[in-house]
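S.K.:
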Amino acid sequence: MSFDRAHLATLIADHGPVVRVVVTQVAGSAPREVGASVTVWPDGQDGTIGGGTLEYEAVATARAMLTQGRDIATRTVALGPDMGQCCGGRVRLLWERFTETSLPEGDTFCRPITDAPATLKVQQIQTRARNQGDAPAPALVDGWMIEPITTTPAPVWIWGAGHVGRALVATLTALPGLAITWVDTGPDRFPGTIPEGVTALPAPNIAEATRFAPTNAHHIVMTYSHALDQAICDGLLTRGFASAGLIGSDTKWARFRKRLQQSGHPFAEIDRIRCPIGDKALGKHPAAIALGVAADIVRDVARAGDGALGDKGTGNDRRLSGD
């Protein structure tokens, strides 16, 4: 279990301020584990802490907090005596109100639920998470609730499973925080083993697959056909995207740019597609091309603030010429 900041931000954008109820401690038999949570807004909820009456009462308290404007509350509940439930255990719950400006940053959400200062143990957990990437398990430690923060992976779509596409996928799978979708015209275009964490999408009408891509996806187009490349670019411009790159030369891009404008796309949108891509200084070996293109993707994801790579950043773009 973890604190899903991106999902919570979406709920806030859709419903306004919310109250998240999280299980901070469990003793004996209980319906859910530490870290389980339910998020509540005036006319809905998301997630569950289980327990029937326990959750019903927790949600009612959360809605009262939204009405009253209260930000935090905590309570220990004996499931038998307090809730009339057959479970013989006890749980401690924490209610917290969140708005779009109060979401935590970083990789770990560590906050006091009492007036206790951070003990050495708490500080050590924070230091390990910050310096070593050691994500802690959800726990109440010396009066502080600690949860790892989930970062939603950034969607990256690779169009083409040729030599460069394969090298690029192999390079990107070593990086955290990316959800890679790999698209080509048929199953025979892909290697026999697809890397773990990569979704292979055979699409006989490959341009039609653009409508399945999320609008916040980052795209690299490098199929075996200029006609397919152009059709994919046309589909992406219609669908919308966070960033897009096309392998090719300046001549190829000039031709595509004119044709895409004739298809009705404004130049301001067309010019969001990068072509050429990568770093020409690295050479034309597929692995070298993949390194330069992967660097482009990392920069794009960082600028967008997505995924585990999503620290805002800038970088000088260097391009790869070639077909």
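For reference, each letter of the sequence shown is one residue, going 14 to 336 in this note's numbering.
Using N, Cα and C, we set each Cβ at its ideal position, and we do this for glycine too.
Whole angstroms is fine: what's the gap from D284's alpha carbon to H278's?
M.R.: About 10 Å.
S.K.: So within the region 245-310, which uninterrupted alpha helix (DSSP H) runs reach at least 4 residues, ignoring any that extend past its ends?
M.R.: Entirely contained in the region 245-310, the alpha helix (DSSP H) runs reaching 4 residues are, in chain order, 263-275 and 280-283.
S.K.: Measuring straight from C-alpha to C-alpha, what distance separates A257 and F122?
M.R.: 33 Å
S.K.: With DSSP run on the structure shown, which of helix, strand or coil describes M235?
M.R.: coil
S.K.: Along the chain, which unbroken stretches of the beta strand (DSSP E) at least 3 residues long are found entirely within the region 46-72?
M.R.: 50-54 and 57-60
S.K.: If you draw a straight line from the alpha carbon of T186 to that of A174, how long is it in whole angstroms?
M.R.: 15 Å
S.K.: Distance, Cα to Cα, Q137 vs A43?
M.R.: The straight-line gap from Cα to Cα measures roughly 29 Å.
S.K.: So, helix, strand or coil for L92, using DSSP?
M.R.: helix
S.K.: Alpha carbon to alpha carbon, how far is T223 from C246? Give it in angstroms, no decimals.
M.R.: Roughly 9 Å between the two C-alpha positions.
S.K.: Could you give the C-beta distance for D292 and G305, rounded to a whole number, given that I count them as a contact under 8 Å?
M.R.: 3 Å
S.K.: Taking the straight line between their C-alpha atoms, what separation do you get for T251 and T112?
M.R.: 33 Å
S.K.: Just to confirm the assignment, what range does the beta strand (DSSP E) spanning I193 have?
M.R.: L191 to D197
S.K.: Would you say L337 and A307 are within 9 Å of each other, going by their C-beta atoms?
M.R.: The structure shown does not extend to residue 337, since the chain spans only 14 to 336, so no value can be given for it.
S.K.: Leaving out five residues on either side along the sequence, give the residues of the same chain with a beta carbon under 7 Å from the beta carbon of P299.
M.R.: H176, V177 and A180
S.K.: Which residue's Cα is closest to the Cα of A159: A315, D309 and F16?
M.R.: Position check: residue 159 holds Ile in this sequence, whereas Ala was assumed. Per the Cα distances, F16.
S.K.: Leaving out the 5 sequence neighbours to the left and right, which residues in its chain are closer than 6 Å to V35 when beta-carbon positions are compared?
M.R.: S50 and L107
S.K.: What do you get for L67, buried or exposed, if any count of 16 or more other CB atoms within 10 angstroms of its CB means buried?
M.R.: buried
S.K.: Roughly how many whole angstroms lie between the Cα atoms of R103 and V39?
M.R.: 6 Å
S.K.: Give me whichever residues DSSP pairs with M158 in a beta bridge.
M.R.: The partner list for M158 (beta bridge, DSSP) reads R124 and L153.
S.K.: What residue range is occupied by the uninterrupted alpha helix (DSSP H) comprising L188?
M.R.: Careful: L188 lies outside any alpha helix (DSSP H) and carries neither H nor E.
S.K.: If you drop the 5 nearest sequence neighbours on each side, which residues of the same chain put their C-beta closer than 6 Å to that of W266?
M.R.: For W266, where only same-chain residues beyond five positions count, the Cβ hits under 6 Å are C288.
S.K.: Pick out whichever of T194, P217, D128 and T87 has its Cα sitting closest to the Cα of P208.
M.R.: Nearest in C-alpha terms to P208, of all of T194, P217, D128 and T87, is T194.
S.K.: Are there three or more Cβ pairs, one per stretch, closer than 8 Å when the region 24-32 is compared with the region 139-157?
M.R.: no
S.K.: Per DSSP, what are the beta-bridge partners of E109 in this structure?
M.R.: R33 and I85
S.K.: Taking T198 and A216 to be in contact with their CB atoms under 8 Å, please state how far apart those CB atoms are, rounded to whole angstroms.
M.R.: 7 Å
S.K.: Give the straight-line distance between the Cα atoms of L295 and R76, rounded to the nearest whole angstrom.
M.R.: 58 Å
S.K.: For the alpha helix (DSSP H) that contains I138, what are its first and last residues?
M.R.: Start and end: L133 to Q145.
S.K.: I'd like the span of the alpha helix (DSSP H) that includes L24, first residue to last.
M.R.: From DSSP, the alpha helix (DSSP H) with L24 extends over R18 to H28.
S.K.: Out of T228, N229 and A192, which one is the CA nearest neighbour of A213?
M.R.: A192
S.K.: Look up P200 in the DSSP assignment and say whether it is helix, strand or coil.
M.R.: helix
S.K.: On the CB-based measure, 16 or more other CB atoms within 10 Å of its CB, does D120 come out buried or exposed?
M.R.: buried
S.K.: By the 10 Å Cβ neighbour count, where 16 or more other Cβ atoms means buried, how is T23 classified, buried or exposed?
M.R.: Per the 10 Å Cβ criterion, exposed.
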